[in-house]
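Take the sequence shown: its letter number 183 is residue 182 in numbering that gives the first Met the number 0, and every next letter is one higher.
Where a beta carbon is used, it is the ideal one built from N, C-alpha and C, also for glycine.
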Amino acid sequence: MKETTTLKTNMLDSFAPADLTKFIFSRITKAALEQETEEVVLPAQGVDYVGRTSTNIPQEFICPLTGLIFEDPVTLETGQTFERASIKSWISKGNRTCPVTRRSLECQNVPCSNFILKRVITNWKSEHWRQLLAYFSKLAGNSGGHGWLKNEIAVSVLEQLLIALNQDQRKAALVQLLSLGILQFLIERFNRGNAREKICVSVLLCSCIEADTNCRNVVARNVDKIRLLNLLQRAELVLRRNTFLLLTELICLNRRKDAKFFFKGLHKDNIVKAMHDLQTYLQDCPCEQKIMVAVLLLHFNLLAETDMPSTYRDDAVDAMTLALERSLSDGRSREICCKALLILGGYFSFSGKIMTEDWILKQAGFLEGFGVENPVEEQNNALADATVMTMEDEEQETREKWLLDASALLIGSGKKSFVEALSKCLGSGNSEMVRICLTTVAWLSSALASLNDSEFELSAFLAVITQLIECLQHGDLIEHKVLASMCLLNFSRIQECRVLLLMIAEDFVGPLESLVEVTWTAKELYAIIYCAVEER
């Protein structure tokens with residue numbers, strides 16, 4: 000097989016599973032173990048047809064909280080071992096018991112690393128995986144007509160290998176495999192494989208996107224959408240979780256029109272069923288996942304462009320509101336909320352990087368070179384960017400409609416006030432949360448003038464306006480002040496808000512004047528206020 004550094008998109012017809020499977024194993028061994036495949040002593044025991052081996056990862060090597068193999072294990076006084084970062088997070092949230100035994104912890108400090116276990120795991124990975132890979136490679140080459148066995152073996156070994164490797168090794172192995180066509184193989188197995196394969200492959204596809212973000216568009220175009228959405232109906236929570244994670248990756252497409260294309264050809268009944276399944280998963284999933292599930296549910300509601308029962312958007316907005324309130328006291332929830340709000344803004348680079356904040360700052364004239372992540376990507380995506388530019392007007396209209404519809408949903412749905420939760424986060428004092436919420440208020444406020452008065456309660460934004468003026472006066476970063484000025488300018492275009500701002504202009508005209516040379520939004524707002532003051 001000829002090596003190539005580019006992904007093949009016309010893959011399903013020309014794929015040769017037997018050759019690729021054998022080649023994959025030889026290259027995995029080289030990439031993961033940093034050496035060429037060599038003849039080794041094979042395990043004494045074999046593998047049965049369901050993929051169980053005598054060499055599966057020992058449960059003692061896996062953290063009960065993360066489900067991943069230990070990288071920095073620590074053993075508590077109860078005798079239970081956890082990954083350092085996960086147990087530290089557990090204790091920092093106020094938990095005073097062992098997550099497994101529920102026994103009280105006398106000592107709240109995380110102990111030193113379990114170096115003995117760490118050394119055992121290191122030795123196990125270096126010795127065991129060389130044998131396992133060599134064994135499966137030979138088996139794949141000698142399994143005769145059992146093509147299904149080759150495929151299941153490949154998927155199973157890839158999954159366990161990536162669990163065993165650390166983050167850097169995992170990315171290096173995936174980059175190597177992607178250059179050999181592994182993405183095509185995985186999409187093929189997802190579309191045609193059994194439920195067990197789909198559980199593994201959905202995770203592997205997410206890993207491929209993480210290693211090379213160009214994979215996102217390839218997966219979105221070629222994955223069987225009906226099969227993917229049907230997985231949300233499965234009873235296995237792990238399969239629904241993996242499906243949700245993959246769907247979340249696939250909505251982060253550069254163009255809103257591409258995101259809408261994902262639903263092309265799907266019958267309304269399929270979309271409604273998927274939304275119902277997402278709503279059910281929203282109730283079942285861990286608290287920290289709820290806001291991302293809610294954002295995905297809102298994406299379905301907005302992109303499907305078909306009438307949906309209000310219960311879906313009400314539940315989604317309420318889940319987002321509760322998550323924002325929880326983020327005020329939970330650092331992990333805060334981090335996820337920030338990402339969810341940016342995704343909802345709907346701006347992504349060609350590679351899928353979230354660009355909502357950069358786009359807003361660019362609109363304010365504060366950020367130059369919007370959309371260029373690095374020179375290499377700029378060169379690689381020149382053709383794609385040129386294609387996008389020819390559709391700029393049409394795409395811009397689609398984006399504006401997206402933000403308008405999203406704003407209407409957030410403001411007019413749910414039993415709880417999303418805007419009120421947003422104002423609380425603006426006053427949280429956390430720099431990152433404040434910046435992301437300012438970004439969200441910027442596009443929300445820009446849409447308000449286009450909404451009917453009946454679609455929102457203007458009084459709900461009074462607390463937000465108060466926080467915006469506070470940011471303008473005492474913001475930690477210049478970005479905070481720029482974003483606050485942009486939000487206030489948007490509000491000034493609504494007659495009722497304009498009257499309010501002119502009444503309290505003396506409170507913020509000084510800080511606003513200092514921004515006049517920094518951003519046009521401050522300059523324009525200052526001119527509005529100055530003229531009004533002069534007329535008095």
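- In this structure, LEU408 is the residue among ALA194, ASN241, LEU408 with its C-alpha nearest to the C-alpha of LEU297.
- The DSSP assignment places complete alpha helix (DSSP H) segments of no fewer than 4 residues inside the region 259 to 288 at 267 to 283, in order along the chain.
- Secondary structure at PRO72: strand, using DSSP grouped into helix, strand and coil.
- Counting only unbroken stretches of 4 or more residues, the alpha helix (DSSP H) elements lying wholly within the region 430 to 488 are 430 to 447, 461 to 473, in sequence order.
- Inclusion of SER112 and ASP167 in the CB contact set at 9 Å is not warranted, their separation being larger than that value.
- Per DSSP, the beta bridge partners of ILE353 are PHE347.
- Around ASP404, the same chain offers LEU301 as residues with beta carbons nearer than 6 Å, after the five sequence neighbours per side are excluded.
- For THR80, the enclosing beta strand (DSSP E) stretches over residues 80 to 82.
- With 16 or more other Cβ atoms inside 10 Å of its own Cβ, ASP257 counts as buried.
- Residue pairing from DSSP places SER112 in a beta bridge opposite VAL73.
- Residue pairing by DSSP puts THR96 in a beta bridge opposite SER103.
- Here DSSP, grouped into helix, strand and coil, assigns ILE61 to strand.
- Counting along the chain, no alpha helix (DSSP H) covers ASP329, and no H or E run does either.
- When the alpha-carbon of GLU287 is set against those of GLU431, LEU501, GLN466, ILE335, the nearest one is in ILE335.
- Contact annotation: GLU235 and CYS199 have beta-carbon atoms that are not nearer than 9 Å.
- No residue range can be given for ARG254, since it is assigned to no alpha helix (DSSP H) and is classified by DSSP as neither H nor E.
- Within 10 angstroms of the beta-carbon of THR279 lie fewer than 16 other beta-carbons, which makes it exposed.
- Three or more beta-carbon pairs drawn from the region 190 to 206 and the region 222 to 237 are found closer than 8 Å, and the two stretches are therefore classed as touching.
- With a threshold of 16 other beta carbon atoms within 10 Å, MET502 falls short and is exposed.
- If you compare the alpha carbons of ASN213, LEU249, CYS284 with that of VAL237, the shortest gap goes to CYS284.
- Taken in chain order, the complete alpha helix (DSSP H) segments of 4 residues or longer contained in the region 149 to 180 are 166 to 177.
- With respect to the C-alpha of ALA171, the residue from ASP211, GLY180, SER201 having the closest C-alpha is ASP211.
- Restricting attention to MET274, TYR529, ASN193, ALA448, the CA atom closest to the CA of GLU495 is found in ALA448.
- The DSSP-derived three-state label of LYS415 is coil.
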